[in-house]
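Here the structure is laid out as structure tokens; the discussion comes afterwards.
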Amino acid sequence: MKKLFYGWYVALGCGIGLACGLATVLTYTFGVFVTPLRAEFDWSQTEVFAALFLSVLTITFVAPFFGLLVDRLGARRVILVGLVFEAALVASFYFQDANVLTFYLRYIALAVLGVGTTHIAFTRIIALWFDRQRGLALGVTLAGVGIGGFAWPILTQWAIDAFGWRSAWLVIAVAIIVFGGTVMLLVVRDSPQSMGLLPDGDAAASSKQKAEESAVSPGMTLKQALATGHFWIMLVVFLLIGIAVTSIQVHLVPLLISRGVTPMRAANALSILAVALLFGRVAAGWLMDRIFAPRVAIAFLLGPIVAIFLLASGASGWLAFVAGILTGLAAGAEVDVTAYLVSRYFGLHHFSSIYAWYYSAYSLGAGLGPLATANAVDRFGGYTEILLVHAAMLVIATILLARLPAFPARRPAAA
62 MKKLFYGWYV
72 ALGCGIGLAC
82 GLATVLTYTF
92 GVFVTPLRAE
102 FDWSQTEVFA
112 ALFLSVLTIT
122 FVAPFFGLLV
132 DRLGARRVIL
142 VGLVFEAALV
152 ASFYFQDANV
162 LTFYLRYIAL
172 AVLGVGTTHI
182 AFTRIIALWF
192 DRQRGLALGV
202 TLAGVGIGGF
212 AWPILTQWAI
222 DAFGWRSAWL
232 VIAVAIIVFG
242 GTVMLLVVRD
252 SPQSMGLLPD
262 GDAAASSKQK
272 AEESAVSPGM
282 TLKQALATGH
292 FWIMLVVFLL
302 IGIAVTSIQV
312 HLVPLLISRG
322 VTPMRAANAL
332 SILAVALLFG
342 RVAAGWLMDR
352 IFAPRVAIAF
362 LLGPIVAIFL
372 LASGASGWLA
382 FVAGILTGLA
392 AGAEVDVTAY
402 LVSRYFGLHH
412 FSSIYAWYYS
422 AYSLGAGLGP
432 LATANAVDRF
442 GGYTEILLVH
452 AAMLVIATIL
462 LARLPAFPAR
472 RPAAA
């Protein structure tokens, strides 16, 4: 029986690490703390949610700098340091007082010091460990966000009920170190070469293969990538996807409740979306190893376009669950696609420096989209108009994806 390639343990370990990373913990614990914080300090909902917006905005601007850091120092080292800072800052919420400015400062500090625990670092590790199966491996790792999205709200609410909201922050901090820190120390390694292995578990290369590999370009620098047209096409695509898809995710529950759906059924629709996100990531990864990745992205984007028209037409029953599934599939797929496209178009040597730009664009969209959607709902008295705007954004994104060129061919060795 053939021994399982160690890279798959790395992919699973990175999935656990990503589940404990800033983006996952921040997204899936924030809402659970809103009610106890408002009850304790009499803050308005706007005051509380401003912290989340400030954090996302901060990530948008600092991510490119951390991309450079990951390329220079190695992803594993940056992740480990980031997890320590993340856990320490999460634990510091135990001392939160009624001063909302210190609440904001903590979330801004989390964004600055914890951004190294996001996709920027983890996707680089997977890109180095896998080549032919890179898509599937990325899907396995990024599915960790869905696992974290399921676990963190449950753990957080249990800790609040059992120990109070202050001690709940300490429970989260311990979990980050116990699960995320342990797996990064014991399981994950930066590259297969550090263990005497090759990507995908290939056998040792012959002298001829080594000569050919030495002639292959290690990839573009950030400056070279910025000079290509497809860099900017992709940037616009993932900004639009971040705005539209995240807006549907965040507003699905209030939209359904506004149409008379019970809060529990609305929450169930959101849970189904999270399950679909898990499936979308693995499925998209598997398909990208076999089909030109932009075509895979286009196929998955058709789902939320259909979902938007269902919701705009007044869907509130089982059709709302269908809309949630279609949106979740796309939300899961598009993050995989971003990392995969960067690795294929621009190479691995400066992967994190380049990928960080797309992470920033998606984060910016994820921060601005839900806020703009809420403003539009207040202005127009409903969701129909802004949903159609989001549909138009996704149509534009699919057209732009269709314009992306073929992946560059590997250069043969010099004669």
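When we follow the working numbering, the leftmost residue of the sequence shown carries the number 62, and every step to the right adds one.
C-beta atoms are modelled at their ideal positions from N, C-alpha and C, and glycine is treated no differently.
Remember, predicted model here, so these are calculated numbers, not experimental data.
Check whether the Cβ of residue i lies closer than 6 Å to any heavy atom of the ligand GTP, and answer yes or no.
i	result
residue 230	This structure does not include the ligand GTP; it has no bound ligands of any sort.
Can you tell which of the options has the C-alpha that lies nearest to the C-alpha of residue i?
i	options	result
residue 173	105, 92, 421 and 108	421
residue 396	457, 287 and 349	349
residue 427	306, 167 and 346	306
residue 106	120, 91 and 119	91
residue 321	347, 129, 376 and 369	376
residue 477	366, 403 and 95	Nothing about residue 477 can be read from this structure; the chain reaches only from 62 to 476.
residue 183	159, 249, 423 and 118	249
residue 313	344, 388, 288 and 364	388
residue 191	216, 258 and 169	258
residue 75	291, 206, 202 and 357	202
residue 158	226, 338, 439 and 73	226
residue 303	415, 429, 67 and 221	429
residue 280	453, 154 and 132	132
residue 205	341, 63 and 442	341
residue 465	198, 293 and 71	293
residue 410	457, 386 and 282	282
residue 405	295, 444 and 319	295
residue 84	353, 336 and 119	119
residue 140	343, 425 and 77	77
residue 372	458, 318, 360 and 448	448
residue 82	414, 242, 129 and 459	242
residue 308	440, 154, 431 and 357	431
residue 193	100, 330, 407 and 351	351
residue 381	255, 318 and 102	318
residue 208	355, 160 and 339	339
Any idea what DSSP makes of residue i, helix, strand or coil?
i	result
residue 408	strand
residue 289	coil
residue 153	helix
residue 261	helix
residue 431	helix
residue 464	coil
residue 450	helix
residue 425	helix
residue 246	helix
residue 81	coil
residue 386	helix
residue 402	helix
residue 66	coil
residue 376	coil
residue 252	coil
residue 444	coil
residue 470	coil
residue 76	helix
Quick one: what's residue i bridged to in DSSP?
i	result
residue 280	408
How close, in whole Å, do the beta carbons of residue i and residue j come, if the pair is a contact with beta carbons under 8 Å?
i	j	result
residue 127	residue 177	5 Å
residue 251	residue 136	6 Å
residue 446	residue 435	That belief does not hold up - the Cβ atoms of residue 446 and residue 435 are roughly 13 Å apart, past 8 Å.
residue 218	residue 93	6 Å
residue 455	residue 334	Their Cβ separation, rounded to whole angstroms, is 16 Å, which puts residue 455 and residue 334 out of contact at 8 Å.
residue 298	residue 462	6 Å
residue 238	residue 144	7 Å
residue 170	residue 150	6 Å
residue 198	residue 72	5 Å
residue 230	residue 148	Residue 230 to residue 148, Cβ: 10 Å. No contact.
residue 337	residue 386	5 Å
Segments of 3+ residues assigned as beta strand (DSSP E) that fall wholly inside the region 165 to 240: As far as the region 165 to 240 is concerned, it has no whole beta strand (DSSP E) run of at least 3 residues.
Runs of alpha helix (DSSP H) wholly within the region 309 to 371 (minimum 4 residues, chain order): Every alpha helix (DSSP H) stretch that sits fully inside the region 309 to 371 and reaches 4 residues is listed by chain position as 324 to 349.
Length-filtered (3 minimum) beta strand (DSSP E) runs lying within the region 85 to 162: With a minimum length of 3 residues, no continuous beta strand (DSSP E) run stays inside the region 85 to 162.
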